[in-house]
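*Asks:* I have a structure here, written as structure tokens, and I will follow up with some questions on it.
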Amino acid sequence: MKNILLSHGGGGEEMNELINELIFKYFDNEILKETNDSAILKIDGEIAFSTDSYVVTPIFFSGGDIGKISVCGTINDLCMVGAKPLYLSVGFIIEEGLSFDEFEKILSSMSKIAKENDVKIVCGDTKVVPKGKCDKIFINTSGIGKIIHKIETKNIKNRAKILISGDIARHGSVIVAARDEINLESDLKSDCRSLKDIVMALFENNIYPQAMRDATRGGLSAVLNEWANFNKIEILLNEESIKVQDEVMGICELLGFEPYDLANEGTFVLAIDEKDSKKALEILKNFNENASIIGEVISDKNSRVILKNPYGVKRFLEYPKGELLPRIC
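According to our numbering, the stretch in the sequence shown is residues 3 to 331, in order.
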């Protein structure tokens, strides 16, 4: 089996072959082929710009891999502010010894998601580090999107309905189940996916949320507490409206996790004007039957999130604390 060597990041013939014969094979487009020091882009109007680094372990997991999550993650970050993703950059930090087969599988996954979302990978960088200096591969993706309808967290109003696009905590549960040191067997799949089609479907139906956020690290708890603190609002959630798969709940109970704290990679939270909430829910359910209206903003003061269980008992849903699951995305 052929492996990545330090010489593949050395700037010489081997690196040139790696880029031109393997990376360009999957990311080929007219802008990348110009091989300038920077991609030259034409974009009219207001743009969104986002970056993130991906260090997930294991790099292949049920429902995705580090390549898929790196492209979906940046696409989703752009969509959450109301932008249509257009261009991505990709930076690879590869550990000496990664097999060509594994690297090609990651490239293929990234190419597939980018093409499905009509996004071009227009520039990038590749570094190879000695064995033991990183864990197989780290990826950074940055993205530019054109604003279709600007969405900002500061716009959440009192009485807004809170919706979620699907069940929660699957990605975090899949990663913890896949790790050798825990060795749980599970048929769960990560929710890792692009949210572009869902967001664009909302816009095409004249639904413009007050705020949107993909519930990644820190999960639902982190998103809602951030909204409550930033806007000084009080959010009341109905626990029975928040869908959690039985396997996810089993993993949480076994290991002592709150499903509200675990990461999602294809599920997002919306704050929507009450008059638009039912139509928005219909659209979300076209993509995931577990989408639901989970609560509402009940006050424009107090900066807190309250969870009410089916028996009417209330408790504060607080920010996740401590180190939950490192290297999940």
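Each residue gets a CB set at the ideal place from its N, CA and C atoms; glycine is no exception.
Which one of F63, I42, T155 and S167 has the shortest CA to CA distance from E104?
*Replies:* Cα-wise, what sits closest to E104 is F63.
*Asks:* Start and end of the beta strand (DSSP E) containing R215?
*Replies:* A213 to D216
*Asks:* From the DSSP output, in three-state form, read off C136 for me.
*Replies:* coil
*Asks:* Taking only the alpha-carbon atoms, compute the straight-line gap between I77 and G84 and give it to the nearest angstrom.
*Replies:* If you take the alpha carbons of I77 and G84, they lie about 11 Å apart.
*Asks:* V315: which of E242, S101, V124 and K70 sits nearest, CA to CA?
*Replies:* Comparing Cα-Cα distances from V315 to each of E242, S101, V124 and K70, the minimum goes to E242.
*Asks:* Evaluate the contact criterion for the stretch 112-131 versus the stretch 231-245: three or more CB pairs, one atom per stretch, below 8 Å.
*Replies:* no
*Asks:* From I332 to I68, what distance separates their C-alpha atoms?
*Replies:* The shown model of the chain, from 3 to 331, leaves out residue 332, and the question about it has no answer.
*Asks:* What are the boundary residues of the beta strand (DSSP E) that includes Y321?
*Replies:* From DSSP, Y321 is part of no beta strand (DSSP E); its letter is neither H nor E.
*Asks:* Express the C-alpha separation of T37 and E187 in angstroms, rounding to a whole number.
*Replies:* Put simply, the backbone Cα of E187 is about 45 Å away from that of T37.
*Asks:* What are the boundary residues of the alpha helix (DSSP H) that includes A180?
*Replies:* Note, A180: alpha helix (DSSP H), R172 to A180.
*Asks:* Residue ranges of each beta strand (DSSP E) run of no fewer than 3 residues wholly in the stretch 39-77, ordered along the chain?
*Replies:* 49-56
*Asks:* Residues in its own chain within less than 6 Å of N5 by CB, not counting five upstream and five downstream?
*Replies:* G99 and S101
*Asks:* Tell me the DSSP secondary structure of N232 in three-state form.
*Replies:* What sits at residue 232 in the sequence shown is Phe, not Asn. DSSP places F232 in helix when its eight states are reduced to three.
*Asks:* Here's the rule I'm using: 16 or more other beta-carbon atoms within 10 Å means buried, otherwise exposed. How should G174 be labelled?
*Replies:* Using a 10 angstroms sphere on the CB of G174, the tally of other CB atoms reaches 16 or more, which defines it as buried.
*Asks:* Run the CB neighbour count on N119, radius 10 Å, all protein chains shown included, and call it buried at 16 or more, exposed below.
*Replies:* The residue is buried, with at least 16 neighbouring Cβ atoms inside 10 Å.
*Asks:* Could you tell me whether the stretch 291-309 touches the stretch 137-145, using the rule of 3 or more Cβ pairs below 8 Å?
*Replies:* Output reads no: the stretch 137-145 does not touch the stretch 291-309.
*Asks:* Per the DSSP calculation, F270 is bridged to which residue(s)?
*Replies:* Under the DSSP definition of a beta bridge, F270 partners with D216.
*Asks:* Grouping DSSP H, G and I as helix and E and B as strand, with all else coil, what is C331?
*Replies:* coil
*Asks:* Which one of K27, V250, V124 and G13 has the shortest CA to CA distance from D193?
*Replies:* Nearest C-alpha to D193: V250.
*Asks:* The beta strand (DSSP E) spanning I33 covers which residue range?
*Replies:* Note, I33: premise wrong, no beta strand (DSSP E); not H, not E.
*Asks:* Once DSSP output is grouped into helix, strand and coil, what is the label at V121?
*Replies:* coil
*Asks:* Beta strand (DSSP E) containing V299: first to last residue?
*Replies:* S294 to S301
*Asks:* At which residues does the beta strand (DSSP E) containing F94 begin and terminate?
*Replies:* A85 to E97
*Asks:* Please report the distance separating the alpha-carbon of S9 from that of Y89.
*Replies:* 29 Å
*Asks:* If you drop the 5 nearest sequence neighbours on each side, which residues of the same chain put their C-beta closer than 7 Å to that of G66?
*Replies:* S192 and C194
*Asks:* Could you give the distance in angstroms between the alpha-carbon of I95 and the alpha-carbon of L24?
*Replies:* 16 Å
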